[in-house]
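Let me begin by presenting the structure, written as structure tokens, before commenting on it.
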Amino acid sequence: MFELSSYQQSIEKCSSCKFCQATCPVFKEDLLETHNANARLALIQAGLLEKKLPLSQRFYEVLDRCLLCTTCASACPAKIPIEEVIISARFQIRKDEPKTALEKFKRRFMEKRGLGELLGKIGALASQIGLMPADFPKPANKPFSSTRAGIIPAEKEKRARVIYFVGCATNAFYPETAEDVVSVLTKNRIEVLIPEGMVCCGLPALADGDLELARELVQKNVQALSQISADALVTDCSSCGMVLKTKLSKILPENHPLKPSAELISGRVFEVTDYLNQKRLLNNPSELSVNYTYHIPCHRGWSPGLRDAPRALLSRIPKANLIEMASPENCCGAGGFFFYKFRDLSRNIRSHKIQDILKTKAEIVITQCPACRSYLSSALKEHKFMHPISLLARAYKI
Amino acid sequence: MDSLGKDLNALVGEGKVKTDPVDLYAYSSDAIRYFVEHNPDAVVLPETTEDVSKVLNYAYHQTIPITPRGAGSGLAGGCVPIKGGIVLDMKRMNKILEINCSNLTARVEAGVALARFHQAVEKQGLFYPPDPQSLEVCTLGANVATRAGGPRGVKYGTTSNYVLGLEVVLSDGEVIRAGGICVKQSVGYDLTHLFTGSEGTLGVITKINLRLLPLPKARITGLIICESVDFGAKLISELIARGIIPAKLEFLHKGAIGLMNSCLANKIPLTGEAYLLFELDGGEKAVEENADNLKAVCEESSALELRMVPDQKEAESYWQARTNLNPILGAIFKRMINEDVTVPRDKIPEMFKAVEEISKNLGITIGMSGHGGDGNIHPVILMSQVSPELVKKADRAVEEIIKAGLGLGGTISGEHGIGLHKANFLTWELGERQVELFKQIKKVFDPKGIMNPGKIWRWEE
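So the protein sequences, as listed, match chains A and B. Sequential numbering from 0 applies to the first sequence in numbering that gives the first Met the number 0. Sequential numbering from 0 applies to the second sequence in numbering that gives the first Met the number 0.
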């Protein structure tokens, strides 16, 4: 998959009903139909498949101006995997192009799961001399992977054993989230295994249309993961989860020997709050007098439980008060590295979300996506942003 | 940028004008791309009536075609710029100007999306019934321009029943206000309702005054499972005859239910041949009473099953699945032709029979799932492949469906409008003299013939 020709039939399923106009955060900003999923499909068909429309800077821009948020695909009555078509089109366009400096940097980032301690040092230096790019998060001093690996036994008799996939962003920017995930799981008598040799899930590579890199990364991950037996594979990051659950086998080339393993792995992937909610909390959290609101990440369609699990889990904390924001599922504008390329557009999308958050007057915002968290927190310095598991960890006084 | 683009930029400002081929292509069709596709020379996204006025004044003097556009979700080719020129994308004129609870009216700009308007009025305990199935995206201005309607037509009529007044920019750029905001009006020719349904051929609708109703206190969805198409069709007429008027009354064929099941958590059993999906609304007592009466009719006529759906979430999922039906069909079939023939409600069984005959005689698949309760049954010709013979057969089927509908005292369009799709059949319904009057009326409003040229009737080159 991800070869554009294999999506020809999917594209033809589009009857141009235009229902996607109600979903696309990019379209909603300027209401120009070119910036809607339906037009993107029609343009890909005309420009790249039928070759009746000349490719131009504007054509490339329209394809790049997609957050890959998947909201359109989730609502599409024809169930067209629109984000996969966009990724395939980007791949077709870029496959022979030399990599830019940013892409080369990203490659190292993905291969090293956030560049390890090096990124921390670069980040510290860049902050000191005021060279941190706008809206970029500051890397942690020590990435999670340098402090933890292997088996972390459950407190008391174990109920289950899970592999914990730590994504690049959590690893490099939010190691405390990963610590909290480990603590909360083990406290609930779940053994946690953090495998060595993990690399990036591959989503940033896909977003760039760099299918070759995505394949390399997925192969490494699948190879390592297929050696380990566990009841489930959990992730704290909704985007890693989406790739692991729905794209793993598709990213591998046709007839690749690892495809069956990839499918097996995908079959047991869970978003961590959903997993924990299904397993039920064993320990009652103690009270925590806070007001919090919940931003639901865009990459939620792969996990039916993702949307409501944090609400269910955190409702167990006495005195913790959830104040729902308007449209909690609306996009924050980050879209991985999208915000770096389309700064004004992303900030405009973010501005609505900021208003919705401010109206709740909550002091804590929870979300399961590190990109949302970082991008929103750079605009709302007074608020505390955290993963839902971290709020639970605080109530457990971990 | 070419001179047209430069001129338009100078008139309305940058950011509102697009002339790149990529953007022009995005505006080359509506929701039936294979039917007709034609690029405009420019797209303008006006933000004010003044913007529209400036563009029209310019186009008038340069004799450039103007095609107004809402969401582009139409099914009749009405917003396709077949003569090129300028597409006026009205979606940025999207302010809800007033919702007046004491007068039961609203004032809106033409580009407001219908679903957003529904939410806004319902929040205040008010109700705007028209519900074309593209309601999440379609715009009120385009609804007025096509007299759009949907399932609620059976009880509440279509958009035109709610239009009280319009602000319209005429072809030379002058702005007029037709009608007003009073629920009674008797002042000369009713230009408000001449522009309503005029599909952009007389002027550009920029603002609308709409009539509202109080929001019904109660509503309940239900499903009647019928052993045959004929049984279902007769049951519709029977319900209407007994004075049981649901807010929505949809006729769905077994095949359609199968497709809807693909997006339902609670699948509908495929035990019948035809299904009536309905919603009763009104005061709590009235809904209860109607439900009892409906139950009695079902029992008397021995319908296979009547199941009420009291859970509001489940009911909504049924209606969402119904909304998705057309695009789902579009995904399965290479091509489909949505007919919009509407017949008097006592003729529904005969119309179904006629369509079945046509399908059988021509050997072509025709889906029959439509609004039923208002006689707007939407036969849809479905082609799993496109061959010259099949296209010919489909054209024949369209003609015969229209003839059958007209023969039963029906009309060629209930809610989609004429656009390009049905232009060939206009004289069949109206006769030469009436179409001649249409042309004379158009000349008065649009002497240069720039307003959405090529639409409603067949234009000779």
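The beta-carbon is built from N, C-alpha and C at its ideal position, and this holds for glycine as well.
C-beta neighbour in chain A for residue i, strict 8 Å
{"i": "P387 of chain B", "result": "no"}
{"i": "S300 of chain B", "result": "no"}
{"i": "P64 of chain B", "result": "no"}
{"i": "K233 of chain B", "result": "no"}
{"i": "E278 of chain B", "result": "no"}
{"i": "E249 of chain B", "result": "no"}
{"i": "L329 of chain B", "result": "Looking at the sequence itself, residue 329 of chain B is Gly, so the reference to Leu does not match. Closer than 8 Å: yes."}
{"i": "V11 of chain B", "result": "no"}
{"i": "K82 of chain B", "result": "no"}
{"i": "K90 of chain B", "result": "yes"}
{"i": "D40 of chain B", "result": "no"}
{"i": "P129 of chain B", "result": "no"}
{"i": "N325 of chain B", "result": "yes"}
Close beta carbons around residue i, own chain, < 6 Å, minus the five adjacent residues each side
{"i": "F58 of chain A", "result": "G46"}
{"i": "T234 of chain A", "result": "F164, G240"}
{"i": "N8 of chain B", "result": "V16"}
{"i": "K94 of chain A", "result": "none"}
{"i": "A148 of chain A", "result": "I193, E195"}
{"i": "E82 of chain A", "result": "L67, T69, A72"}
Cβ neighbours of residue i in the same chain (closer than 7 Å, five flanking residues each side left out)
{"i": "L247 of chain A", "result": "V217, V221, A261, I264, S265"}
{"i": "A264 of chain B", "result": "S316"}
Inter-residue spacing [alpha-carbon to alpha-carbon] between residue i and residue j
{"i": "K105 of chain A", "j": "D22 of chain B", "result": "31 Å"}
{"i": "A229 of chain A", "j": "Y274 of chain A", "result": "14 Å"}
{"i": "P76 of chain A", "j": "C16 of chain A", "result": "9 Å"}
{"i": "L429 of chain B", "j": "G148 of chain B", "result": "21 Å"}
{"i": "T47 of chain B", "j": "I95 of chain B", "result": "13 Å"}
{"i": "V242 of chain A", "j": "I79 of chain A", "result": "17 Å"}
{"i": "N282 of chain A", "j": "A308 of chain A", "result": "17 Å"}
{"i": "P64 of chain B", "j": "K103 of chain A", "result": "50 Å"}
{"i": "G362 of chain B", "j": "E323 of chain A", "result": "55 Å"}
{"i": "E170 of chain B", "j": "L205 of chain A", "result": "Reading off the sequence shown, one finds Ser at residue 170 of chain B, where the question assumed Glu. Cα to Cα, S170 of chain B sits roughly 49 Å from L205 of chain A."}
{"i": "Q384 of chain B", "j": "E459 of chain B", "result": "32 Å"}
{"i": "F414 of chain A", "j": "R346 of chain A", "result": "Nothing about residue 414 of chain A can be read from this structure; chain A reaches only from 0 to 397."}
{"i": "P327 of chain A", "j": "G334 of chain A", "result": "16 Å"}
Per-residue DSSP class, three states only, for residue i
{"i": "R93 of chain A", "result": "helix"}
{"i": "C371 of chain A", "result": "helix"}
{"i": "S412 of chain B", "result": "strand"}
{"i": "K346 of chain B", "result": "helix"}
{"i": "Y274 of chain B", "result": "strand"}
{"i": "A290 of chain B", "result": "helix"}
{"i": "I85 of chain A", "result": "helix"}
{"i": "P317 of chain A", "result": "coil"}
{"i": "N265 of chain B", "result": "coil"}
{"i": "D394 of chain B", "result": "helix"}
{"i": "K247 of chain B", "result": "strand"}
{"i": "C330 of chain A", "result": "coil"}
{"i": "D88 of chain B", "result": "strand"}
Residue i at chain B interface by Cβ criterion, 8 Å
{"i": "S377 of chain A", "result": "no"}
{"i": "F18 of chain A", "result": "yes"}
{"i": "T245 of chain A", "result": "no"}
{"i": "A38 of chain A", "result": "yes"}
{"i": "F341 of chain A", "result": "no"}
{"i": "S14 of chain A", "result": "yes"}
{"i": "S55 of chain A", "result": "yes"}
{"i": "T69 of chain A", "result": "no"}
{"i": "A311 of chain A", "result": "no"}
{"i": "E32 of chain A", "result": "yes"}
{"i": "L205 of chain A", "result": "no"}
{"i": "L48 of chain A", "result": "no"}
Cβ-Cβ separation, residue j to residue i (assumed contact under 8 Å), whole Å
{"i": "L74 of chain B", "j": "V43 of chain B", "result": "That pair is no contact at about 24 Å."}
{"i": "T461 of chain B", "j": "V143 of chain B", "result": "In the structure displayed, chain B extends from 0 to 460; residue 461 of chain B sits before or after that span and is not available."}
{"i": "V183 of chain A", "j": "I388 of chain A", "result": "5 Å"}
{"i": "G478 of chain B", "j": "P39 of chain B", "result": "As displayed, chain B neither begins before 0 nor continues past 460, which places residue 478 of chain B out of reach and without an answer."}
{"i": "L212 of chain A", "j": "R267 of chain A", "result": "With a Cβ gap of about 25 Å, L212 of chain A and R267 of chain A do not count as contacting."}
{"i": "E362 of chain A", "j": "H386 of chain A", "result": "Contact flag wrong, Cβ pair sits at about 16 Å."}
{"i": "N375 of chain B", "j": "T200 of chain B", "result": "Contact flag wrong, Cβ pair sits at about 23 Å."}
{"i": "P213 of chain B", "j": "L324 of chain B", "result": "The Cβ separation is near 30 Å, so there is no contact."}
Short CB-CB distance (under 8 Å) between residue i and chain E
{"i": "V390 of chain B", "result": "No chain E appears in the structure shown, which is made up of the protein chains A and B."}
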